[in-house]
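Colleague: Chains as they are written, first to last, in the working numbering: chain H, 1021 to 1281; chain S, 34 to 769. Just so you know, even glycine gets a beta-carbon here, dropped at the ideal spot from N, CA and C. Given the structure is predicted, the values throughout are model-derived calculations rather than measurements. Sharing a structure, written as structure tokens. Questions coming.
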Amino acid sequence: MKRSSRFPLMMSLVVGVLVLGGLGLVLTQTPQGAAQTPAPLVTYPDFPPTPTVGPNPTAPAGLASSNVLFQSAFADTRALAEWQFVDQTYVIADLAAAWEVANGRLVQVGSGAARNPSSNEAAALVGAETWRDYTIRTSFYDEYNGVVGLIARYQGTEPTQSSYYRVRLFSTEHQVSPKVVLEKVVDGVSTTLAETKTAGFSPRTWHTLALSVQGANVQVQLDGQVLVAAQDTNPLPNGRAGLFTYAIGGIFFDDVAVTTP
Amino acid sequence: MRRLFLPLTLLALIVLALQIHPSYGQSGTQLLQEFTIGDSNSTKFPSVAAHNQTVYIGSGVSANNSGETTDAMIWSMNEQATSAGSRFSIGSALGKTDYSSVAVATGSDGVVFAAWSSINERRIFMSRRDPSSGVWSTRQEVTAADFPIFPQVAVVGNNQAFIIWQGVNTYLSLKIWNQTTNSWSPVYNTTQKTYSTAPAIRAGSGGHVGIGFTTKDLQAAVAIWTGNGLSTEILTSAGNAADTGVAVDSTGKFYAAWRSLGSGIFYAERQAANSWASAQFATGSGKGAVNVVVDAGGTVHLGWISEISGSLRGYYSYRQSGQSSFVTAAATSATVLFNSRLAVSSGGAYAHLVAENFAVGPQKIEYARFRGGTPLVTATPKIAGGTEVIKGATSVSVTFENPQGSPASMIWRWNAAPTEAVNDSGGWQSFATTKTINVPTAVLDAASCLKPSTLYVQLRNASQVTGLVVSDSVIFDTGVTAFVTMINPYSMDRPTTFTPLANELGDFSTDGGASDGHPGYTREQQIYIGIQGVNECGGLKTVAIGRTSTSFGTPMTITNNLFSNVQPVPGTFPVGSNQVWIKVTDGVGNEKTYNTTITYDPNIPSFGGGSFTATSNPNATILTALNFSNVLVTDDYPGRHFWGVWLANSRTNNPTNTALVWYPVEAPGTTNSFTIQNWSLLGGLKASDISTGTYYVFARMLDGAGNPVPEAAIMVATVNLSELTYPKIHLPIVVR
């Protein structure tokens, strides 16, 4: 009698274990629905998570002005219509610098439809050639591009033969010297007005950059601090303002404003 | 319940085991070395190739720091180097860096081809580094075109350089340089226009060539060389992909990889024409080329650049041959990298990735070396060039074909796999593609045609990575093995059918002698030679006849291991005892001499008397016993001076009848009186002659050479048969 009473118990346990095991298999081995995307074939090593892009900085008080010639917060893609995008070196059509508006920002996304990185000097111009004394200010956030700049008093239709003031500012992670170059380009030929080897900007954080042209005076500010300044004895008379970077992507701009004193 | 514990535990363990994912036993990869090549200013689209342990890097460089390319530069270094060493200009390359790039590729013998664009000259150039001298040739124009850019090169074998380039809004072009014929092919084009991003080209060891490129409408595409053109296969939908890498393995199977214009890296294997199985390979936003390489062992290597965690790094992963999954990728430490290229060395043990490093200004080449898969360190041994049977010798020449994985040393053993403790090589020896390998005496002693000897070889590379044991077998033919007969050409011991040698066959016409005799005698200046190969694996090849052990006549060919012929004996052949030699060779060069003593006796013996009687057997009257008494013969034949007797039957007493059929019979015994049993009275008679009555038996004595005594000495015996009876055979009664 004892033996016969144990048999149903043993069978129940065996069946129970098999059912639970089968359920476990189903839950762990079966794809979670037909629409599930297969996992990539390879995994990456562990890296710190992608840094979060914080809120845009507010404009420094010194740059505030009520005389706004232009401003854009890049609310949507219509903002692109206000800009002219030019490559300041010769490029073939497929490698022309590409710009997009995304997440309320103007993004440099490389070159061409394939968004390949290119070492082209890329500029985004705005305004009129009649603009004379003004400050162009922008917020920018650099992920990996390493180069940011501003342009003032831009004149010309052929990018490689135009005239303008330009400041180029390099990331602290970018192994180049000098870190800041303020230059005057006349008919495509550049002359350095001022430079500094020690400064630079830290990547993956918001900064504000401003380039002011007042008569013969040219001044650059980063985050409200003067980086370089120069006086041009033969100043360029007037022209459009613009943003500058390399067409390798990884940088975005926001809250661009052109103001007069 | 205690009795349930064990089965329940086992069941639970089984269920748990089923839920554990299999592990593939791959050890993974890691970054081994990384550095920036300092004198590579303004690089764009750098290239890398490898052969054995040497790595070649090519790039256009601004040698004067003007920001524009001035030179096509090459760096070469050991696969484990910690710096790139000095650069070497192979020619001018003038123009904007994006459009003045350099590509390099290696061939099977270490030849290196470089192709580059010099955009200010609107030309593609090529240079070749000779594998022997190490000298780069002066630049040679490949093409002049409107805007030729993004050249790439692959080498088929060691003498065909497949050079491709693109233009602006046009088709991809291919031109093939043949080093052997010193000539160019026509230009071949794809049927699809290209987008302006660098293509890729790879050649497999089987001569297959694939080109990965991006179509104008941004599709991943592979153009396959058909032998007389390019056949393009599209791998993605339009607007979806760019920077297609391609590879082809030794079997001709193609592989491709590309980056999605959305996000992710993709990988595909070609199943059949226009049929590719693809899958997402990795996440992240790819930048520039996605490189795929398949090494000789079938391990698939991928190198690419992707934006992960906000950084642009180079990545590398591989799938070991025979495995189903890729190892976790390893990354460069440098960031802001673009446009990578990948090569592997030492059979895939090391992967070398180069890219543009934009974290330095101006941008320079970033080099990263990763640990690759377990390499296939191997080569195919061919003993004596692959011959099946060779002459047994104390050493053999072994060639190693298609070496893979850069073997540097080798160990070997005959008839068993070598170990470091037991081998025939005296430990590890330096590797060479042609090696003289010793054959121990014991191996030769044990060799036979039925038992090939096998050489087992294990190779390893300079990094002490050991490959699988490879082998080749050969039959050592250590000597001529033949059954040889050198006898009286009239001996009945010889075959009646000769091997074809009619033009060399000696005179064998009837001369009045018997068709048998002592094997060691001859009445002609000829000898019968019979040779039959016995387990002769090399195959008997020739036989030559001589009178001494060192001097022989013209060799005669032996076919099918068989020789059977009567041959004149060369030189002076005096009456009496003579030595005759033959030299037999086989197909692998072994030779062996044989000799015999044969007595030349052309003289007729003389008869001095004797008689014989014929007594019929009562059980079979046609059989008789011939009893010879006191037969006296004078001859040089030793002993009783006769070898045998020539017998013939007749129904008439006419011993000189030319129609008689004479049969030579060796005389039994050693004395002058002897008996020949069971002589048939019907032998040689016509059917019409067979009846009761008197039968005559004639006997004529023979010497060793078959010379008969004169006709006058023919003896005769008679038998009178009243009835003819025949031998009976009594078979056993079989009862079922």
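1. Any C-beta of chain S within less than 9 angstroms: which residues of the segment 1152-1170 of chain H qualify?
2. Say whether chain S places a C-beta atom closer than 8 angstroms to the C-beta of H/G1235.
3. Residues in its own chain within less than 6 angstroms of S/I637 by CB, not counting five upstream and five downstream?
4. Name the two residues that bound the continuous alpha helix (DSSP H) containing S/T474.
5. Taking all protein chains shown into account, do 16 or more other C-beta atoms lie within 10 angstroms of the C-beta of H/A1055, making it buried, or fewer, making it exposed?
6. Could you check how far apart the C-beta atoms of H/V1168 and H/I1271 are, in whole angstroms? I think they sit under 8 angstroms.
7. Where does S/T758 fall in DSSP's three states?
8. Identify each residue in the segment 1210-1226 of chain H for which the Cβ-Cβ distance to at least one residue of chain S is less than 7 angstroms, and report them in chain order.
9. Quick one: list the residues of chain S neighbouring H/Y1193, beta-carbon separation under 7 angstroms, in chain order.
10. So the candidates are H/Y1110, H/D1107 and H/A1099; which of them puts its Cα closest to the Cα of H/A1122?
11. Could you give the DSSP three-state label for S/Q86: helix, strand or coil?
12. For a contact meaning CB atoms closer than 9 angstroms, what does H/R1135 contact in chain S?
13. Just grab the DSSP bridge partners of S/L488 for me.
14. Measure the beta-carbon distance from S/K208 to S/V175 and round it to whole angstroms, keeping in mind my assumption that it falls under 8 angstroms.
15. Who are S/R404's beta bridge partners in DSSP?
16. Quick one, are the C-beta atoms of S/T130 and S/G93 less than 8 angstroms apart?
17. I think S/G71 touches S/S80, with their Cβ atoms under 8 angstroms apart; what is that distance to the nearest whole Å?
18. For H/V1233 versus H/D1107, is the C-beta distance shorter than 8 angstroms?
19. For S/I562, count neighbouring C-beta atoms within 10 Å of its own C-beta (all shown protein chains included) and say buried if the count is 16 or more, exposed if not.
20. Listed in chain order, which residues of the segment 462-486 of chain S have Cβ atoms closer than 8 angstroms to some Cβ of chain H?
21. In whole angstroms, give me the CA-to-CA distance for S/P181 and H/G1235.
22. Can you list, in chain order, the residues of its chain whose CB lies under 8 angstroms from that of H/V1129, leaving out five sequence neighbours each side?
23. So S/D776 and S/I416 are in contact, right, with Cβ under 8 angstroms, and what is the actual spacing, rounded?
24. Counting only the same chain and skipping the five closest in sequence on each side, list residues whose C-beta sits under 6 angstroms from that of S/W461.
25. What is the DSSP secondary structure of S/D179, counted as helix, strand or coil?
26. Kindly list, in the order they appear in chain S, the residues whose Cβ is closer than 8 angstroms to that of H/T1097.
27. Report the three-state DSSP secondary structure of H/L1115 (helix, strand or coil).
28. Short of 9 angstroms Cβ to Cβ, which residues in the segment 163-184 of chain S face chain H?
29. How is the beta strand (DSSP E) around S/S99 delimited, first residue to last?
30. Assuming H/V1238 and H/L1213 make a contact with CB atoms under 8 angstroms, what is their CB distance in whole Å?
31. Going by DSSP in three states, S/S134 sits in which element: helix, strand or coil?
32. Going by DSSP in three states, S/S706 sits in which element: helix, strand or coil?
33. In terms of alpha-carbon separation, which member of H/I1112, H/S1139, H/T1057 and H/G1124 lies closest to S/T76?
34. Can you name the start and end residues of the beta strand (DSSP E) that S/R374 belongs to?
35. Skipping 5 residues on each side, what residues in its chain have a beta carbon closer than 6 angstroms to that of S/N85?
36. So which residues of chain H does S/V369 contact, with C-beta pairs closer than 7 angstroms?
Modeller: Looking at the atomic coordinates:
1. E1163, Y1164, N1165, G1166 and V1167
2. Here residue 1235 of chain H corresponds to residue number 215 of the first sequence, with the count starting at 1. Output row for H/G1235: interface = no.
3. Along the second sequence, read from residue 1 onward, the residue named residue 637 of chain S stands at position 604. So the qualifying residues of the chain are N740.
4. As a position in the second sequence, residue 474 of chain S is number 441, starting the count at 1. Its alpha helix (DSSP H) spans residues T474 to A479.
5. Here residue 1055 of chain H refers to the residue found at position 35 when the first sequence is read from its first residue. Because H/A1055 sits at a pLDDT of 48, beneath the cut-off of 50, its placement in the model cannot be relied upon, and the following sentence gives the value as read from the coordinates. Per the 10 Å Cβ criterion, exposed.
6. The residue labelled residue 1168 of chain H in the question sits at position 148 within the first sequence. The residue labelled residue 1271 of chain H in the question sits at position 251 within the first sequence. Confirmed, Cβ separation roughly 6 angstroms.
7. Position 725 of the second sequence, counting from 1, holds the residue named residue 758 of chain S. Three-state result, S/T758: coil.
8. R1224
9. On the first sequence, position 173 is the one that residue 1193 of chain H refers to. Looking at the sequence shown, residue 1193 of chain H is not Tyr but Glu. Near H/E1193 (Cβ distances below 7 angstroms), the residues of chain S are A392.
10. Position 102 of the first sequence, counted from the start, is the residue given in the question as residue 1122 of chain H. Selected option, being the one with the closest Cα: H/A1099.
11. Numbered from its first residue, the second sequence carries residue 86 of chain S at position 53. If DSSP states are grouped into helix, strand and coil, S/Q86 belongs with coil.
12. Sequence index remark: in the first sequence, residue 1135 of chain H carries index 115 (1-based). Those are A275, L294, S318 and K320, listed as they occur along chain S.
13. One-based indexing of the second sequence puts residue 488 of chain S at position 455. Paired residues: S/W447 and S/D505.
14. Counted from its first residue, the second sequence places residue 208 of chain S at position 175. Counted from its first residue, the second sequence places residue 175 of chain S at position 142. That belief holds up - the Cβ atoms of S/K208 and S/V175 are roughly 6 angstroms apart, short of 8 angstroms.
15. Start at 1 with the first residue of the second sequence, and residue 404 of chain S comes out as number 371. Answer is S/Y383, bridged to S/R404.
16. If you number the second sequence from 1, residue 130 of chain S lands on position 97. If you number the second sequence from 1, residue 93 of chain S lands on position 60. Closer than 8 angstroms, so yes.
17. The residue given as residue 71 of chain S occupies position 38 in the second sequence. The residue given as residue 80 of chain S occupies position 47 in the second sequence. About 18 angstroms separates the two Cβ atoms, so there is no contact after all.
18. If you number the first sequence from 1, residue 1233 of chain H lands on position 213. If you number the first sequence from 1, residue 1107 of chain H lands on position 87. It is not a contact, given that the beta carbons lie outside the stated cut-off.
19. Locating residue 562 of chain S in the second sequence gives position 529, counting from the first residue. Under this definition S/I562 is a buried residue.
20. none
21. Working through the second sequence from its first residue, we reach residue 181 of chain S at position 148. Working through the first sequence from its first residue, we reach residue 1235 of chain H at position 215. Distance between the alpha carbons of S/P181 and H/G1235: 46 angstroms.
22. In the first sequence, residue 1129 of chain H corresponds to position 109, counting from 1. Within the same chain, H/V1129 has close Cβ partners A1118, W1119, E1120, R1135 and G1269.
23. Residue 776 of chain S lies beyond the residue range present for chain S, which begins at 34 and ends at 769; the question has no answer from this structure.
24. The residue given as residue 461 of chain S occupies position 428 in the second sequence. Contacts found: S442 and I444.
25. Here residue 179 of chain S corresponds to residue number 146 of the second sequence, with the count starting at 1. Coil at S/D179, not helix or strand.
26. Indexing the first sequence from 1 puts residue 1097 of chain H at position 77. Here the premise fails: no neighbours, minimum Cβ distance about 18 angstroms.
27. One-based indexing of the first sequence puts residue 1115 of chain H at position 95. Correct three-state label for H/L1115: helix.
28. F180 and I182
29. Locating residue 99 of chain S in the second sequence gives position 66, counting from the first residue. No beta strand (DSSP E) contains S/S99, which DSSP labels as neither H nor E.
30. What you label residue 1238 of chain H is simply residue 218 of the first sequence in a count that begins at 1. What you label residue 1213 of chain H is simply residue 193 of the first sequence in a count that begins at 1. Contact holds; Cβ gap of about 6 angstroms.
31. Counting from one through the second sequence, the residue named residue 134 of chain S turns up at place 101. Looking at S/S134 - three-state DSSP - the assignment turns out to be coil, as it is neither helix nor strand.
32. Looking up residue 706 of chain S in the second sequence gives position 673. The answer is coil: DSSP assigns S/S706 none of H, G, I, E or B.
33. Start at 1 with the first residue of the second sequence, and residue 76 of chain S comes out as number 43. Residue H/S1139 is the option with its Cα nearest to S/T76.
34. Taking the first residue of the second sequence as 1, we reach residue 374 of chain S at position 341. Run containing S/R374: L370 to S378, per the beta strand (DSSP E) assignment.
35. Mapped onto the second sequence, residue 85 of chain S falls at position 52. Excluding sequence neighbours, S/N85 sits near S439.
36. Numbered from its first residue, the second sequence carries residue 369 of chain S at position 336. In chain order: Y1164 and G1166.
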